[in-house]
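Just so you know, the sequences run in chain order F and D. Residues in the first sequence are numbered from 1 upward in steps of one, following my numbering. Residues in the second sequence are numbered from 682 upward in steps of one, following my numbering. The beta-carbon is built from N, C-alpha and C at its ideal position, and this holds for glycine as well.
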Amino acid sequence: MSLLNISYLGISGYVIFWGMFVIALFLFSRRIYFLYKVIRLGKGEDRFDRIGERIKYTLSTMFSQRCTLKSIKKGDLAGIGHALLFWGFSCFFISYIILIGFAEGFGMQFLRGGTFERAVFTVLDIAGLFVIFCILWAAVRRYLIKPDRLEMSFEAGFIMSMVLSLMVLYYAIESCRFALMGESSRWPPISMAIATYLLEKNVGQATLWGVFVWSWWLHYIFILVFMVYIPYSKHLHILVSPFNLMFKPMDRKVLIEPVSSDMSEEEMVKGLGISGIQDLKWKDILDVFACAKCGRCHINCPAQLSGKILSPREFIKGIKEHTLEVAPLLLGQNGDKQKEERGKTFIDGKVKEEEIWACTTCGLCQEVCPVEIEHVRKLIGLRQNLVLEKNTMPEGIQNMLRNMQMRGNPWAGAQSLRLKGDWINEAGMEPLKEGDGISTLLWVGCTGSLIDRNVKATISLAELLKRAGIKFGVLGEGEPCCGDPARRAGYDFQFQILAEENREILRSYNIKEIITSCPHCYNTLKNEYPLYGLDLKIIHYTELLCDLVKRDKLSFSKTTGSLLTYHDPCYLSRYNGIYQEPRTVIGRIPDVRYKEMERSCKETFCCGGGGAHMWIEEKRGTTRINHLRIEEVTKTGANAVITSCPYCLQMLEEGIESKGLKGVLEAKELSEVLLAAMEKT
Amino acid sequence: MNIIVCVKQVQDPEIPPSKFKIDPETKQVIPPAGVPPVISVYDERALEAACRLKDKYKAKIVAITIGTDKASEVIRHAISMGADDGYLLCDPAFESKDSFKTAYILSKAIEKIGAFDLVLCGRQAADWGAGQVGSILGEMLTVPVVSFACDIDVVDTGLRVKRVVSDGYEILEVPMPCLITVSSEVGLPRLPSGMRIMLARKKPIPVWKATDINIEHSLLEKGHEHTEIIGLVVPERKSECEIIKGTPKEAAYEIAERLVSML
Ligand code: SF4
Ligand code: SF4
Chain F
1 MSLLNISYLG
11 ISGYVIFWGM
21 FVIALFLFSR
31 RIYFLYKVIR
41 LGKGEDRFDR
51 IGERIKYTLS
61 TMFSQRCTLK
71 SIKKGDLAGI
81 GHALLFWGFS
91 CFFISYIILI
101 GFAEGFGMQF
111 LRGGTFERAV
121 FTVLDIAGLF
131 VIFCILWAAV
141 RRYLIKPDRL
151 EMSFEAGFIM
161 SMVLSLMVLY
171 YAIESCRFAL
181 MGESSRWPPI
191 SMAIATYLLE
201 KNVGQATLWG
211 VFVWSWWLHY
221 IFILVFMVYI
231 PYSKHLHILV
241 SPFNLMFKPM
251 DRKVLIEPVS
261 SDMSEEEMVK
271 GLGISGIQDL
281 KWKDILDVFA
291 CAKCGRCHIN
301 CPAQLSGKIL
311 SPREFIKGIK
321 EHTLEVAPLL
331 LGQNGDKQKE
341 ERGKTFIDGK
351 VKEEEIWACT
361 TCGLCQEVCP
371 VEIEHVRKLI
381 GLRQNLVLEK
391 NTMPEGIQNM
401 LRNMQMRGNP
411 WAGAQSLRLK
421 GDWINEAGME
431 PLKEGDGIST
441 LLWVGCTGSL
451 IDRNVKATIS
461 LAELLKRAGI
471 KFGVLGEGEP
481 CCGDPARRAG
491 YDFQFQILAE
501 ENREILRSYN
511 IKEIITSCPH
521 CYNTLKNEYP
531 LYGLDLKIIH
541 YTELLCDLVK
551 RDKLSFSKTT
561 GSLLTYHDPC
571 YLSRYNGIYQ
581 EPRTVIGRIP
591 DVRYKEMERS
601 CKETFCCGGG
611 GAHMWIEEKR
621 GTTRINHLRI
631 EEVTKTGANA
641 VITSCPYCLQ
651 MLEEGIESKG
661 LKGVLEAKEL
671 SEVLLAAMEK
681 T
Chain D
682 MNIIVCVKQV
692 QDPEIPPSKF
702 KIDPETKQVI
712 PPAGVPPVIS
722 VYDERALEAA
732 CRLKDKYKAK
742 IVAITIGTDK
752 ASEVIRHAIS
762 MGADDGYLLC
772 DPAFESKDSF
782 KTAYILSKAI
792 EKIGAFDLVL
802 CGRQAADWGA
812 GQVGSILGEM
822 LTVPVVSFAC
832 DIDVVDTGLR
842 VKRVVSDGYE
852 ILEVPMPCLI
862 TVSSEVGLPR
872 LPSGMRIMLA
882 RKKPIPVWKA
892 TDINIEHSLL
902 EKGHEHTEII
912 GLVVPERKSE
922 CEIIKGTPKE
932 AAYEIAERLV
942 SML
């Protein structure tokens with residue numbers, strides 16, 4: 001019963017069918033080509049390595065819907081909803097190609113009738129139910145429950161009604177068709193049931209035929225409208241997100257783009273860091289098209305939750321809007337020079353300077369984003385532009401960078417120099433000398449060697465390592481800054497200068513292996529220094545301790561008494577996947593009482609100190625991020641929150657103090673807790 | 682406008698007292714490990730003043746320093762802040778604590794650099810704090826000198842300078858060429874932009890020896906110094922604390938009496 005063999009007002013069904021298809025395809029392709037050109041405006045970047053692995057990851061993530069099922073708060077069933085919708089609609093999508101495209105369009109009628117068709121319709125019948133259910137559910141959530149993370153939009157409503165209509169029309173078409181054929185069977189269950197009902201009610205053949213024909217064409221038109229509408233709407237993510245998954249950063253969650261130091265003066269004048277789309281990489285542009293505006297990043301971002309103006313969702317949206325606005329100008333479809341110039345920067349247009357500095361680079365947005373969007377490197381790129389080119393930054397950052405430039409460490413003046421190197425006397429150590437034959441270095445970091453509170457933790461760590469029989473050296477006064485705060489603040493050249501200087505220092509001592517105490521040093525030394533020619537074995541002390549306890553080289557005999565919880569530092573857990581190790585070690589404390597926080601491991605919540613935020617005053621009138629975290633700590637009822645990062649330790653202590661929890665709750669470095677759990681030697 | 686800024690590398694004035702060591706024999710400060718030398722804070726402000734003039738008017742800034750090869754770092758710092766060129770005056774014969782000798786060496790270098798409209802110095806060095814080089818240099822260059830400036834601007838007749846005095850400030854006008862020493866009230870020096878850092882890294886810094894600037898060696902010999910260091914000591918830091926007992930009223934009387942007796 002092909003509708004295309006019939007003529008409509010003297011025009012062949014085939015002509016109408018293909019005519020409409022060609023128009024839709026033209027509109028669709030024109031948009032896709034435009035978007036492709038926009039993405040090509042971005043700078044080159046090789047994301048095509050390990051392609052097999054990338055494709056495998058994409059397919060498995062997409063079809064398993066792991067992307068949307070992860071990182072959803074308890075009780076938020078949207079992930080399952082999306083998965084059902086995806087699976088259900090995928091069935092329909094395939095059927096459109098086979099049953100409408102091939103069977104009707106190309107007249108391959110052998111695909112119709114018979115068991116194959118039965119089976120297909122049975123699947124569709126059931127899938128349709130799921131889809132309808134999910135759409136209604138989504139509508140209820142969006143328009144009645146209104147969760148924080150979703151924005152109301154016309155687009156969403158339009159798409160939902162579109163999909164719903166497609167489903168209803170599908171049932172109308174199939175039941176009328178079965179009724180017209182006078183068939184009765186149990187499969188496909190729903191269409192057949194409706195058909196039987198229609199026959200029982202003696203609905204006339206003409207009516208059935210009329211409804212069938214109209215529904216069929218309407219259904220077809222809706223599919224075409226849907227196809228054309230997608231690339232013009234926020235549902236672009238349907239098309240783009242698979243590619244975004246495919247081109248994600250492979251080994252690490254968060255990458256930062258260094259500013260090339262090989263630039264000539266003219267090139268530098270053209271721009272440093274990111275200020276407009278011309279400075280983005282193509283993947284950054286792909287990112288903004290892939291965003292589904294699901295808002296997962298928005299409801300998890302510590303800056304947003306503490307009342308700052310930054311929302312990673314809105315940030316991405318801003319860049320997308322800006323891109324779509326100025327891309328036609330940049331692509332030369334319109335010769336308005338003035339607009340073109342203005343279009344070159346989104347700073348203080350779609351993206352506010354205050355937003356750029358509000359990010360702690362914690363990376364939680366990227367962790368929870370279902371489509372692997374990279375927010376952090378864009379934000380840092382913008383900082384690079386502000387700092388390197390425009391010389392504008394918060395006062396605290398300016399002081400920190402000045403200190404780093406003049407005194408080689410981010411902490412201010414005499415106060416910090418007072419302790420430099422002194423801790424090693426207290427720990428009974430000597431600084432490493434050339435020719436000592438020691439190839440393992442304990443890299444303490446500026447905070448661990450300059451700030452009183454952190455120095456205590458450093459001494460505990462040195463003692464712990466000594467007791468475990470590790471042979472290691474320290475640089476003492478000669479230990480430079482790794483440069484992390486400069487890089488996170490966007491002052492990338494300073495970072496690069498330090499990296500190169502440090503490479504020479506470490507080579508001169510013939511160091512083979514570095515144990516770091518600070519996760520920020522760990523991250524820079526391990527992940528960012530190789531680019532500057534230093535590729536040593538870098539281990540965080542929690543990894544080392546885990547290995548030692550597993551090999552029974554280190555054991556604990558005293559219990560701690562208090563109820564413990566562990567705060568994962570972002571740069572250790574999320575950035576580098578180290579979260580099991582500290583837990584293993586804590587688990588070895590006899591009779592330990594331990595309670596996990598709601599947000600932990602890879603989805604840990606920032607202490608507020610990362611991304612050079614140790615030196616940025618939090619905006620007045622907003623909540624402090626460390627206070628939010630302390631509230632989460634208190635929910636566990638723990639008496640001690642353990643961490644393994646000097647910044648986290650300071651932030652947690654500050655939080656405890658200003659919330660008046662001193663005496664009830666204490667913050668400890670893991671090494672301190674472990675040392676206390678050992679017998680005195 | 683051609684501006685020459687004289688800068689000096691000094692031991693970090695923020696060296697904690699516990700780490701500040703001297704050698705009384707050679708009358709030298711022993712640089713502590715792990716605390717790198719820095720640009721003298723007042724000279725950095727002089728540079729800032731120069732850069733502000735450059736921001737506003739067309740200007741070329743040249744920085745000069747006397748020191749060991751390590752001192753090329755301060756020239757790089759000057760370039761990264763905004764100087765166009767810089768020279769390091771490095772010769773064993775230059776080693777001295779004498780302000781006249783220093784000024785003489787600088788004057789010879791300035792002579793070699795050529796015509797200038799303005800020479801800027803810090804009001805004093807952050808290490809010895811003599812505060813003399815600027816004025817002596819002005820004398821040697823035979824140009825007017827304004828000291829302790831906190832603001833400099835160009836006017837028809839030359840420069841209008843706001844200078845800090847003990848009970849406020851004065852505004853003077855001075856013709857160019859002239860020499861101005863800059864006080865910290867100028868404001869915070871800028872953080873070098875990334876572009877300038879890279880520029881400064883790549884820029885070669887010429888080194889001038891005594892012969893390069895036509896200095897008569899005989900004038901640099903010991904006998905020609907106007908100052909002599911007799912001794913160098915670290916002052917003893919003492920603090921005593923006594924708590925005066927009694928009711929607040931009694932204690933207040935007691936304190937008042939003691940203060941009066943000290944007058
Ligand atoms: S990195 Fe953290 S602070 Fe920055 S936008 Fe993402 S979630 Fe927010
Ligand atoms: S960036 Fe990712 S998490 Fe945030 S709204 Fe877009 S898709 Fe969702």
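Residue i in three-state terms, based on DSSP
{"i": "F/S555", "result": "coil"}
{"i": "F/A682", "result": "With chain F covering only 1 through 681, there is no way to say anything about residue 682 of chain F."}
{"i": "D/C687", "result": "strand"}
{"i": "D/W809", "result": "coil"}
{"i": "D/T928", "result": "coil"}
{"i": "D/T947", "result": "Because chain D spans 682 through 944 in this model, residue 947 of chain D falls outside it and cannot be assessed."}
{"i": "F/E657", "result": "helix"}
Within-7 Å CB hit, residue i to chain F
{"i": "D/V719", "result": "yes"}
{"i": "D/A714", "result": "yes"}
{"i": "D/V686", "result": "no"}
7 Å CB neighbourhood of residue i in its chain, flanking five on each side removed
{"i": "D/I910", "result": "K708 and K778"}
{"i": "D/A740", "result": "M682, I684 and L734"}
{"i": "D/G812", "result": "R804 and Q805"}
{"i": "F/E434", "result": "S508 and Y509"}
{"i": "F/C546", "result": "E581, T584 and V585"}
{"i": "F/E654", "result": "N626"}
{"i": "D/W947", "result": "Only positions 682 to 944 of chain D appear in this structure, which leaves residue 947 of chain D out of reach."}
{"i": "F/F102", "result": "M108 and L111"}
Spatial neighbours of residue i in its chain, beta-carbon cut-off 8 Å, leaving aside the 5 residues before and after
{"i": "F/I135", "result": "L85, M160, V163, L164 and M167"}
{"i": "F/C606", "result": "P302, T360, C362, L364, C570, I625 and R629"}
{"i": "F/I238", "result": "I230"}
{"i": "F/D148", "result": "G295, H298 and I299"}
{"i": "F/F158", "result": "Y229 and S233"}
{"i": "D/E851", "result": "K843 and R844"}
Short CB-CB distance (under 7 Å) between residue i and chain D
{"i": "F/N300", "result": "no"}
{"i": "F/E581", "result": "no"}
{"i": "F/R377", "result": "no"}
{"i": "F/Q398", "result": "yes"}
{"i": "F/E513", "result": "no"}
{"i": "F/S261", "result": "yes"}
{"i": "F/N391", "result": "yes"}
{"i": "F/F472", "result": "no"}
{"i": "F/F28", "result": "no"}
{"i": "F/L272", "result": "yes"}
{"i": "F/M268", "result": "yes"}
{"i": "F/R593", "result": "no"}
{"i": "F/M404", "result": "no"}
{"i": "F/L401", "result": "yes"}
Residue i Cβ short of 6 Å to ligand 3 heavy atom set
{"i": "F/F102", "result": "Although ligand 3 was asked about, the structure shown includes only ligand 1 and ligand 2 as ligands."}
Contacting positions in the region 854 to 886 of chain D - beta carbon closer than 9 Å to chain F: With the criterion set as a beta carbon lying under 9 Å from some beta carbon of chain F, the members of the region 854 to 886 of chain D are L869, P870, R871, L872, P873, S874, G875, M876, I878, M879, L880 and R882, in sequence order.
Looking at chain F, which residues of the region 690 to 706 of chain D have a Cβ within less than 8 Å of any of its Cβ atoms? Cβ contacts with chain F: D693, E695, I696, P697, S699 and K700.
As an exercise, report each continuous alpha helix (DSSP H) stretch of at least 4 residues that is fully enclosed by the region 567 to 637 of chain F, in chain order. For the alpha helix (DSSP H) assignment, the uninterrupted runs of no fewer than 4 residues enclosed by the region 567 to 637 of chain F are, from N- to C-terminal side, 570 to 573, 580 to 587 and 625 to 636.
Sequence ranges, alpha helix (DSSP H) only - wholly within the region 716 to 750 of chain D, length at least 4: For the region 716 to 750 of chain D, whole alpha helix (DSSP H) runs of length 4 or above, ordered along the chain, are 722 to 737.
What residues in the region 641 to 673 of chain F bring their beta carbon closer than 9 Å to a beta carbon of chain D? Result list empty, no residue passes.
For the region 461 to 490 of chain F, which residues have a beta carbon sitting closer than 7 Å to at least one beta carbon of chain D? Those residues of the region 461 to 490 of chain F that come within reach of chain D (Cβ to Cβ, closer than 7 Å) are E477 and G478.
Runs of alpha helix (DSSP H) wholly within the region 741 to 804 of chain D (minimum 4 residues, chain order): Taken in chain order, the complete alpha helix (DSSP H) segments of 4 or more residues contained in the region 741 to 804 of chain D are 753 to 762 and 780 to 794.
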